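Structure record follows, encoded as structure tokens.
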């Protein structure tokens, strides 16, 4: 057991600090933080820079455009990026979900076609899993794909699809065999979002931000070979995607929460609009310390899970709690950041504290316990697969 | 970055768990807890033979030359089993204060158990200024409160304004005033000193900084063990107990409660191991790691026990069921060096001031 950097890791971290700090946009880090998401073109340019500097897909095999580095290097990158609150790579769905699934299930042609543009943020991916009638119950998907010669004809509707409005490609779960069982009738397509018949309608979440979307598919033609696995493999392929979504995100969640704790500390040390300093209030001090402890708990739980992954090839059971813990901790944190503002917590935009940064973050956090597996589904998973309790349904 | 116990450390854990499961199943622990002595003094030789007393002592000094991380494994396992002997008092509280003293040898050889008497009314913390005082003849006067395992220990290290002193409790039985204690597996006592003969120890009070780090990290590990036992009791019951024709663990009202126990215990485990490593490695992160681990692990253990009690229903509320013994230990850990709020105040000072 040793949490310190190895000499190689320390050298990597030092180089990264120098290069990351050198590459940040001018004026970065001065003044209040950016509110909400960045403009897509800003993010795309930053993502491209990161890719060219070799900091995207570092743990991916070299043959697929990665650097084949061990997982801790990805962790170091995210720690350092959090330290300077660097922007994120735009291709969140591609890097975390589509890419690993293509590596696991894709043909040589698919890997050659999709992975490099994904890393370079030249092509953005979105996820077509949830439907109006099937949210947590993914296997209830009703969007259909019917084979017509060498083409799948896709019809149906997906929902809660982040980035679909700027996406070039979609990982899409469809029903290809209505006669087969609920799970066995599913397949997993890679769909060009620029195809005729694809219509994206932005949905605004409660911040007012159009981050996620509905996607309507009307007789969309998808080449027969644009599928991961075989017809009927959809459920298993989707589980690969979700395993990666929930398994390798630990570092990103830790980095995000660390960034939030740092900002909360900054806020508490400023004089609030009512003239008081939140950092002088013992209840606020206790609550901030609790957030810091929760952050460390997330960090070291992720380290444990990762160590199991490195030693045994699969993430440890601890990994299943990272997202659950992060989401609830982030909700407490952002609520605390609003409550220390007093009545000013109601002011949004340019007139508000930090231009409404925390107002956005707090409202956005309510999605954290719903997206990527609701807390209820995750508790079912912990109870049934980790603790070994009987199935609840 | 490597967050795993070594093969040797895992073997140590396996042996410890095996020994405690065989020799100190919870039924026997309950019997001992209800007995007057409160423990099996004969077991101390077994503890010695397992090597636990000298794990972190350098080989040149007759120890195993390992570190606090190995002791942390023992603290977690003795917490999990609620072993009712002075392992924590002797190893975490007293032994660091015995450096360079001739009393160290009998402790390492299992001849003597020990504890630390630090608390006084108005000076409850390990680093608070004591009023107990040694006269020119080295005799101590004053009252120490809340001394863990006082009635089990052969001698007590007493924190006085004149430094650290050792009182032989076998030769001064009148100084020992046992107090009825909620946790009958770790009973407290008052040490009433009235010109009581004592031996001045070479280590000064500055060693209490180390004692504080070690004891808080040790209790964090104990708390993880306690929480793990509560999880096992709750999940084992929920798998088999049927109501309305189904195991109660299939109801989400029960299963999500148990998932929450798992969550709390595993998060606490991560912090406790981090703290144990930081203490073991002498890393600069140790003070905050220990504060985080102790506060969170103690609260997780209390939370685990309370939710396990609820999951078990009426049976979990009885004196016959062992859950209350884990609960009382968890509560005892929670108030050591102040509740979690005290540790969070330290953290807040580091973050905000």
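Residue numbers (the working numbering), protein chains in the order written: chain A, 313 to 705; chain B, 10 to 362.
Don't be surprised by glycine CBs; every beta carbon is placed ideally from N, CA and C.
Since we're looking at a predicted model, the values are computed, not measured.
Query                                                                                                                                                                                                : Result
Taking Cβ positions only, does residue 624 of chain A come closer than 8 Å to chain B?                                                                                                               : no
Are any of the Cβ atoms in chain B nearer than 8 Å to that of residue 449 of chain A?                                                                                                                : no
Going by C-alpha to C-alpha distance, which of A/533, A/424, A/531 and A/434 sits closest to residue 368 of chain A?                                                                                 : A/434
Could you name the residues of the same chain whose beta carbon sits closer than 7 Å to that of residue 327 of chain B, not counting the 5 residues immediately before and after it, in chain order? : none
Is there a Cβ of chain A sitting closer than 8 Å to that of residue 267 of chain B, yes or no?                                                                                                       : yes
According to DSSP, what are the bridge partners of residue 344 of chain B?                                                                                                                           : Paired residue(s): none; residue 344 of chain B is not in a bridge.
Contact criterion: CB-CB distance below 8 Å. Does residue 237 of chain B meet it with respect to chain C?                                                                                            : Within the model displayed, chain C is absent; protein chains A and B are what it includes.
Quick check on residue 668 of chain A: does DSSP put it in helix, strand or coil?                                                                                                                    : helix
Taking the alpha helix (DSSP H) that residue 693 of chain A falls in, what are its first and last residues?                                                                                          : 687–693
Which term fits residue 356 of chain B, buried or exposed, when burial requires 16 or more other beta carbons within 10 angstroms of its beta carbon?                                                : buried
Any idea what DSSP makes of residue 59 of chain B, helix, strand or coil?                                                                                                                            : coil
Under 8 Å by Cβ, that's how I've got residue 236 of chain B and residue 313 of chain B pegged, so tell me the actual separation to the nearest angstrom.                                             : 4 Å
Starting from residue 487 of chain A, trace the beta strand (DSSP E) in both directions and tell me its first and last residue.                                                                      : 481–487
Consider the Cβ of residue 495 of chain A: report whether some Cβ of chain B lies at a distance smaller than 8 Å.                                                                                    : no
Residue 17 of chain B CB to nearest chain A CB: under 8 Å?                                                                                                                                           : no
Need the endpoints of the alpha helix (DSSP H) that residue 624 of chain A sits in, please.                                                                                                          : 594–624
Would residue 361 of chain B pass as an interface residue toward chain A - the criterion being a Cβ-Cβ separation below 8 Å?                                                                         : yes
Looking at the structure shown, is residue 633 of chain A part of a helix, part of a strand, or coil, going by DSSP?                                                                                 : helix
Pick helix, strand or coil for residue 464 of chain A, following the three-state DSSP scheme.                                                                                                        : strand
Using a Cβ-Cβ distance cut-off of 8 Å, determine whether residue 343 of chain B contacts chain A.                                                                                                    : no
With a CB to CB cut of under 7 Å and the five nearest residues on each side skipped, what residues in its chain are close to residue 68 of chain B?                                                  : 74
Given residue 307 of chain B, which residues of its chain have a CB within under 6 Å of its CB, disregarding the five upstream and five downstream residues?                                         : 232, 342 and 343
Look at the alpha carbon of residue 295 of chain A and the alpha carbon of residue 415 of chain A, and state the distance between them as a whole number of angstroms.                               : The question about residue 295 of chain A has no answer, for chain A in this structure spans 313 to 705.
Which one of B/40, B/49, B/18 and B/182 has the shortest CA to CA distance from residue 329 of chain B?                                                                                              : B/40
Going along the chain, which residues of its own chain have a beta-carbon closer than 7 Å to the beta-carbon of residue 402 of chain A, five neighbours each way excluded?                           : 352, 355, 356, 359, 433 and 436
What are the complete alpha helix (DSSP H) segments, minimum 4 residues, inside the region 228–316 of chain B?                                                                                       : 261–290
Touching or not, the region 523–537 of chain A and the region 504–514 of chain A, by the rule of three or more beta carbon pairs under 8 Å?                                                          : yes
Do residue 91 of chain B and residue 194 of chain B have their beta-carbon atoms positioned less than 8 Å apart in this structure?                                                                   : yes
Is the separation between the beta-carbon of residue 264 of chain B and that of residue 473 of chain A shorter than 8 Å?                                                                             : no
Against chain B, which members of the region 633–662 of chain A pass a CB distance test of less than 7 Å?                                                                                            : 633, 636 and 637
Let me check one thing: in DSSP terms, what residues is residue 153 of chain B bridge-paired to?                                                                                                     : B/200
For residue 356 of chain B, which residues in chain A fall below 8 Å Cβ to Cβ?                                                                                                                       : 601, 604 and 605
Can you tell which of B/199, B/209, B/57 and B/62 has its C-alpha closest to the C-alpha of residue 146 of chain B?                                                                                  : B/209
List the residues that DSSP assigns as beta-bridge partners of residue 533 of chain A.                                                                                                               : A/465
So, helix, strand or coil for residue 124 of chain B, using DSSP?                                                                                                                                    : strand
Which residues in the same chain have their Cβ closer than 7 Å to the Cβ of residue 54 of chain B, if we skip the five residues on either side of it in sequence?                                    : 119
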